[in-house]
Every structure is written in structure tokens, then in C-alpha cells.
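A.B. asks:
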Amino acid sequence: MRISTKGRYALRMLVDLAEHRNSGYIALKDIAERQKVSKKYLEQIVPILNKTRILKTNRGFQGGYRLAVEPEECTVGEILRLTEGTLSPIPCIDGDEVECDRQIDCSTLYVWQGLKRVVSEYLDSITLQDILDNKNSSNDYVI
Numbered sequence: 000m001r002i003s004t005k006g007r008y009a010l011r012m013l014v015d016l017a018e019h020r021n022s023g024y025i026a027l028k029d030i031a032e033r034q035k036v037s038k039k040y041l042e043q044i045v046p047i048l049n050k051t052r053i054l055k056t057n058r059g060f061q062g063g064y065r066l067a068v069e070p071e072e073c074t075v076g077e078i079l080r081l082t083e084g085t086l087s088p089i090p091c092i093d094g095d096e097v098e099c100d101r102q103i104d105c106s107t108l109y110v111w112q113g114l115k116r117v118v119s120e121y122l123d124s125i126t127l128q129d130i131l132d133n134k135n136s137s138n139d140y141v142i
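Residue 73 in numbering that gives the first Met the number 0 is what sits at position 74 of the sequence shown, and the numbering runs on without skipping anything.
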């Protein structure tokens with residue numbers, strides 16, 4: 000399984016918004032500059048996130064973007080499902096039911112279902128707040 004640039008940049012954008020959530024609406028150019036990513040690429044990600052409960056948009060002079068939820072309410076799994084479409088390692092287990100003609104005879108199905116479960120549980124257990132907390136704790140130096 001490989002997470003696309005879109006998924007990685009969306010996560011970075013939302014972590015940035017979580018980190019600066021007390022600054023009001025944030026201009027996309029500021030996020031792009033801090034994250035060292037293309038503003039044009041972020042402009043492609045915004046419509047995906049704009050349709051969700053996660054992102055708020057404000058147009059105009061003081062316009063920009065901000066989180067619509069608290070950082071502890073948004074998981075990495077949720078973000079990646081929005082941008083990637085699925086976290087399934089194989090197409091036949093994308094949905095809740097297995098869609099495969101070979102389901103009864105597939106000796107490896109349990110491997111892929113297990114991988115999907117482990118990946119989903121892991122990514123759903125990490126929130127934007129967890130990422131911020133980890134970032135802040137890794138900067139503590141003790142001599």
C-alpha cells in the first residue's frame with residue numbers, strides 16, 4: 000500500500016491548521032510556505048476537504064482556512080480515506096462485503112482482510128492532536 004502525495008499533503012495541511020488553530024483563518028500561501036509544498040497542489044486538495052466536516056473556508060480579505068473540528072476529533076484514517084478513497088490493500092475488500100468470485104476458494108483472503116483491519120485500526124487511532132503532541136514532545140531536549 001502506498002499513500003499518494005495528495006494524502007500526505009492533505010495530512011500536512013490539516014496538521015498545520017491544527018497547529019495554528021488559534022490564529023483564525025490561515026491563507027493557503029502561508030500553509031504552502033510553512034510546509035514547503037506547492038500552493039497549486041494544495042488548491043487541488045481543498046475541494047476534497049471542503050465537502051467534509053473537517054475544513055472551514057472564509058473568502059475575502061481575512062479569508063483562508065481553518066479546522067472545523069478539534070484536532071482530537073479528526074483521525075489520520077479519516078483524512079486518508081477522503082483523499083485516497085480506501086485503505087484496502089486489494090480492490091475486492093474495498094467495501095464492507097467481499098466482492099470476488101473466488102471468495103470461497105481464496106486462501107489468502109484472510110491475509111488481506113487482516114492487513115486492512117490492522118492498517119485501519121492504527122490510522123483511526125491517531126488524531127491530529129496526537130501528531131501535534133508527538134511533534135512537541137520530540138522537541139524537548141534534556142541535558
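Every residue gets a Cβ at the ideal spot worked out from N, C-alpha and C, and that includes glycine. Keep in mind the model is a prediction, meaning the values are calculated, not measured.
LYS115 by DSSP, collapsed to three states: which one?
C.D. replies: Taking the sequence shown and counting its residues from 1, the one referred to as residue 115 is at position 116. In this structure, LYS115 counts as helix in the three-state DSSP scheme.
A.B. asks: Going along the chain, which unbroken runs of the alpha helix (DSSP H) with 4 or more residues stay wholly within the stretch 50-102?
C.D. replies: Entirely contained in the stretch 50-102, the alpha helix (DSSP H) runs reaching 4 residues are, in chain order, 75-83.
A.B. asks: Counting Cβ pairs, one atom from each stretch, are 3 or more of them under 8 angstroms apart for the stretch 84-100 and the stretch 36-54?
C.D. replies: No, the stretch 84-100 does not touch the stretch 36-54.
A.B. asks: Considering only their Cβ atoms, is the gap separating ALA67 from ILE78 smaller than 8 angstroms?
C.D. replies: Reading the sequence shown from its first residue, position 79 is the one you call residue 78. Reading the sequence shown from its first residue, position 68 is the one you call residue 67. Contact flag unset, no.
A.B. asks: So, LEU122 versus THR85, is the Cβ gap smaller than 8 angstroms?
C.D. replies: Mapped onto the sequence shown, residue 122 falls at position 123. Mapped onto the sequence shown, residue 85 falls at position 86. No; because the gap between Cβ atoms is not below 8 angstroms, this pair is not in contact.
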